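Following: one structure in structure tokens, then a few remarks.
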Amino acid sequence: MKRKKGSKLWAVMTAITAALLVVCIIAIPVTSAFATAINVALNAKTQEIVPDPNATIYFWSDYESEEDLVAYEKELCEQIEEEGAALLVNRDNTLPLAEGTKFTPFSQSSFNLLYGGTGSGQVSANDAVSLKAALDRAFGEDSVNPDQWKFYATCGYQRVNADTTGGNQSQYRINEVPWSEYSDALQDTWSNYGDVALVVLARSGGEGADLPSGLPELEPYMTDGDYLRLCKEEVEMFENLEALKEQGVFKKIVVLLNSSNSLQLDFVDDYGIDAVLWIGDVGMTGINGVADILAGNVNPSGRLVDTFLRDNHSSPAMQNFGAYAYTNAAEYDTATAQNNTDPGVAKCNQDYVVYQEGIYVGYRYYETRYEDYVLGQGNAGEYDYNADVAFPFGYGLSYTTFEYSNFTVEDQGDTFLVGVDVTNTGAVDGKHTVQIYFQSPYTQYDKDNGVEKASVELCGFDKKEIAAGATEHFEITVKKEDLTSYDANNARTYILEDGDYYFTVGSDAHNAVNNILMAKGADESRMSGSGDASLTYKWSNTSFDAETYSVSPVTGNPITNLFDNADLNKYEGAEDQQITYLTRNDWVGTFPQGPVSLRITEEMWKDGLSHNEADRAAIVEEYKALYYPDATMPAVGVSGDLTASMYAETEADDPAWDDLISQIPYAEMTNLIYNGFHLTQPVPSIGLPGTNDENGPQGFTKSLMGGSSAMAYTSEDVMAATFNLGLIESMGKCIGEDFLHATGEDGTVYAGIYGPGANIHRTPYCGRNFEYYSEDGWLSGKVAAVEVAAIQDRGVYVFTKHFALNDQEEGRYGISTWSNEQAIRELYLEGFEGSVTEGGGMGVMSSFNRIGVVWTGAHHGLMTGILRDEWGMKGAAITDCSVMANYMDYRMGVLAGQDLWDGYSMGMATLDGLENDPAIVTAVQNAVKHIAYSITHSHAMNIGNATVIPVTPWWQMALYGATGVMAVLTALCAFLLVRSIRKAKQQPDD
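Residues 1 to 990 in full-length UniProt numbering are what the sequence shown spells out, letter by letter.
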């Protein structure tokens, strides 16, 4: 019997060890597919660098110690908030507040401030300054009601965002404290801290889910299921605060808008509110700047970079905001692919969105329709501007007042020189932003050819400190190129029309329109607000020009339509699915009336929606014929002694790059292209080191992967709202410094950053508005240019994201985005254009979505036509996270101009086995050259001609070792089992 028991034991042990062996064997290819992500998460070493003792140091830190850098960064973040926070309401000069003011904070968000968004751009708030600490610093100790503060710390109510990267709208909760939770004992403390009831209204946003804009299932938690409206608990709070103010318990009610998603401000004239200050997401130390504004230590100078509304649903863009399923999606075996954990990502995403509003986003809609209403044109209807707009783009109050005079415009050929005197007419010093706007003529040609024009567009700005009683002269250069419009239907390029152009200096976009209306002699009784005709200048252009701006000023290449396949009105086979775009020629007749209904056609399916390999292979062949028609087999893996370090100062167009790249074997090139998740792979054949890349819309952050962050700056909209490019430059250099200081002696090189974000705020509800600067693409481009140039000045290559039309999160994995060429170029690409053409940006991160039906990374017009042929970008384009995103096909991507994939997609190694395909190999080499250019022009080359040795990460060694051990144990257990069975057969039972 004992021998039989022994056989059973070894049978069990054999089964267990064999099962573990199978697990290990399966784990090897599975974990290899996700090795880059695992390496990043575990901070695993992947290379050994033998330093070059004679290395040239191309990039040096400006700081003697990291402590000096951190101290400066904290001050800088505070200053950005000081100059970015916008004062919206200040009745009876409530602000600034007196020294020794006592505060009782209201809302759970007063304790739980919003420092940044969530997802890939999230920042660590572990060391962030609290509201209480900031107020105590500015107003003296014991400025904040301690009982109220303790109550919020323990009340159990907390704002809830959607799950990071993979959430959905239904997860959002405001979770404000019901008034009934404030005990009588707590209320008795309020009068002792009754100078100010300080209300913080915060709304969080993040990657993976847009904010709810009307979900019925959320109505129990928020008004009409709308996250950006006051919830019933907040309404109740304001009603009670108003009553307590009337009773004398509180003297003033001050509201802080702690959100990058603009709340619906239909309440600011109610509830006895005395002051409202928009502060966005404040970063690590920004709340100190807010407290200094409240105390009058700083004069507010921020200007809104979005139109703040009384009705967030009034814009035409809101009529098509969301992810809508093609009506016949089921016939094509499609799937909803909301996030990267959905197995359906391998299939076509069934969703689409139509940008039916065209160019009329934000102030371009509200101010243009307002002008047409005032002038009685364009079938504007009985439009009530004040019912829609609470505060216009560019708006912001100060503790002093400013007056303009001596407005001049001088035509200097390719530019205009705009001058204006600004006098500080108040009693305190203050910084002031001069905003220059222009209006181009809306002509019969435009009406006939579908060219749309906004009433005003921002075209210049500057900011200066002006002492009380003093006058400062501003001179701002405006490029004539910025006055052009894109004519997608006739000239098929940029045009500068004949007619009257107006320039004006405005305190905001609405004031700018009113200045021009006064110059036109408009009926003031129909106007909202007033204007000054003396602050306008009319420039009459006498000739129609479709030639001057039809070539790229950067590359000299022609500019013509590249996005006809994104416009259903030009799409073959979609003649019965024409889009009525909003036009100022007929506001009422063309205003969107809800989501456009679309179906998949056979052309759309085969052009990019199909997940069938045969259809994709056909596209690959088409791309090869179109973009590499004369490809011949290049040299690959040749013997040579060239190294990457020799190319640290070599220009991108130098033919010598071909010699370097030809040394790399095909397998090394595909390994580099495939595996770019937060790092690049070392390339031993040319001594190119692997680098670590990290997220960075608000600074260098590793929070998404469980690591710590460097300085967390404010949200991008606050940065833009400073209108201070000097501050942005300082911040950019500090972000670069953080990467320099993070680089270790163990071979870890932090050299690339995913950010800034340069998409626009198409609506207030985009989950990632905190990562994007503004509703205005031109302003976004100006800010991005300075930030990108400053980061790269420290030797860090920048991937500006998300390129392009990634203006919502719903359905983001593969959603079809339909728009027209004028809107794409004039709104959605301008932020990226500035980062590349003015900022010298070396890279971009392509987006998850499709343009039309073609994934952005496989859209040749976007990735090559615009990015390289027009803008002249020299470095690498990385994808957004491509783990399991099988529609991001490597073949189509490299042929279209995509270079690097942010994560390997298991089972999709579509470049494997194509080492003898001339077109594919040439495209692969081009991609590798772009990647190598970025790395060799970064501080990664501070290692000089070092020896780079790839290292198998410890976890892979452990897995291989475990597999070997399990194999030995399985064999041993099997041997012992067989021996036990044989012995049992040889001896009789007891």
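Glycine is no exception: its CB is placed at the ideal position from the N, C-alpha and C atoms.
Since the structure is predicted, the reported quantities are computational estimates derived from the model, not experimental observations.
For the alpha helix (DSSP H) that residue i lies in, which residues bound it at each end?
i    : result
H741 : L725 to A742
W954 : W954 to Q986
W657 : A656 to I661
Q158 : No alpha helix (DSSP H) contains Q158, which DSSP labels as neither H nor E.
M892 : Y890 to A896
I80  : E66 to G84
P950 : Premise fails: P950 lies in the beta strand (DSSP E), T947 to P950, not in any alpha helix (DSSP H).
T879 : First-last for T879: A877 to C881, but that is the beta strand (DSSP E), not the alpha helix (DSSP H).
Could you give the DSSP three-state label for residue i: helix, strand or coil?
i    : result
W173 : Before going further, note that residue 173 is Arg rather than Trp in the sequence given. It is a strand residue.
G121 : helix
R616 : helix
E475 : strand
G755 : strand
A202 : strand
H859 : coil
M842 : coil
T17  : helix
S715 : coil
Measuring straight from C-alpha to C-alpha, what distance separates residue i and residue j?
i    : j    : result
W818 : A885 : 21 Å
N514 : E475 : 22 Å
T763 : A644 : 45 Å
Y666 : A635 : 10 Å
S7   : T952 : 40 Å
Q171 : T223 : 15 Å
G944 : P53  : 8 Å
T583 : E524 : 25 Å
G272 : A243 : 9 Å
G573 : I579 : 14 Å
R492 : T560 : 5 Å
E830 : Y773 : 12 Å
D880 : H802 : 8 Å
A804 : S847 : 6 Å
A55  : V420 : 51 Å
Span of the beta strand (DSSP E) holding residue i?
i            : result
V255         : K252 to S259
H432         : G430 to Q439
residue 1073 : The requested residue 1073 does not occur in the structure, where the chain is confined to residues 1 to 990.
N692         : N692 to N695
P761         : For the sequence presented, residue 761 should be read as His rather than Pro. First-last for H761: undefined, no H or E at that position.
E465         : E457 to I466
E48          : Q47 to V50
T104         : F103 to F106
K801         : Y797 to F803
Taking the alpha carbon of residue i as the reference point, which residue from the options has its own alpha carbon closest?
i            : options                   : result
H761         : Y828, S816, I791 and G795 : Y828
L114         : D414, N126 and T104       : N126
F591         : I359, Q681, K102 and T101 : I359
F238         : D429, F106, S610 and D333 : F106
Y193         : K102, A128 and E207       : K102
C231         : D414, I661 and W179       : W179
G84          : G302, G531 and T189       : G302
D899         : T477, E821, E830 and N671 : N671
Y355         : Y221, D567 and K74        : D567
residue 1027 : L88, G167, Q79 and N145   : The question about residue 1027 has no answer, for the chain in this structure spans 1 to 990.
Y324         : V968, E809 and I931       : E809
T94          : L76, L21, D274 and Y227   : D274
V786         : T864, A758 and G857       : A758
R891         : H859, F267 and D226       : H859
Q394         : R794, L779 and G811       : The amino acid at residue 394 is misidentified as Gln; the sequence shows Gly. Cα-wise, what sits closest to G394 is L779.
Quick one: does residue i have its CB under 8 Å from some CB of chain B?
i    : result
Y355 : Of the chains in the structure shown, none is chain B; there is only one protein chain.
Can you list, in chain order, the stretches of the alpha helix (DSSP H) that have 4 or more residues and sit fully within the stretch 346 to 420? Within the stretch 346 to 420, complete alpha helix (DSSP H) segments of at least 4 residues are found at 363 to 374 and 385 to 388, given in chain order.
Can you list the alpha helix (DSSP H) stretches of 4 or more residues lying completely in the stretch 215 to 246, in chain order? Annotation: the stretch 215 to 246 contains the following complete segments of the alpha helix (DSSP H) (minimum length 4 residues), in chain order: 232 to 246.
May I have a chain-ordered list of the beta strand (DSSP E) segments no shorter than 3 residues that lie completely inside the stretch 524 to 552? Secondary structure within the stretch 524 to 552: the beta strand (DSSP E) runs of 3 or more consecutive residues, fully enclosed, are 536 to 541 (chain order).
Which runs of the beta strand (DSSP E) at least 3 residues long sit entirely within the stretch 250 to 313? Give them in chain order. Entirely contained in the stretch 250 to 313, the beta strand (DSSP E) runs reaching 3 residues are, in chain order, 252 to 259 and 275 to 278.
Please give me, in chain order, every unbroken run of the alpha helix (DSSP H) with length at least 4 that falls completely inside the stretch 474 to 525. Segments of the alpha helix (DSSP H) lying fully in the stretch 474 to 525: 509 to 519.
Length-filtered (4 minimum) alpha helix (DSSP H) runs lying within the stretch 553 to 626: Restricting attention to alpha helix (DSSP H) runs no shorter than 4 residues, the stretch 553 to 626 encloses them at 587 to 590, ordered along the chain.
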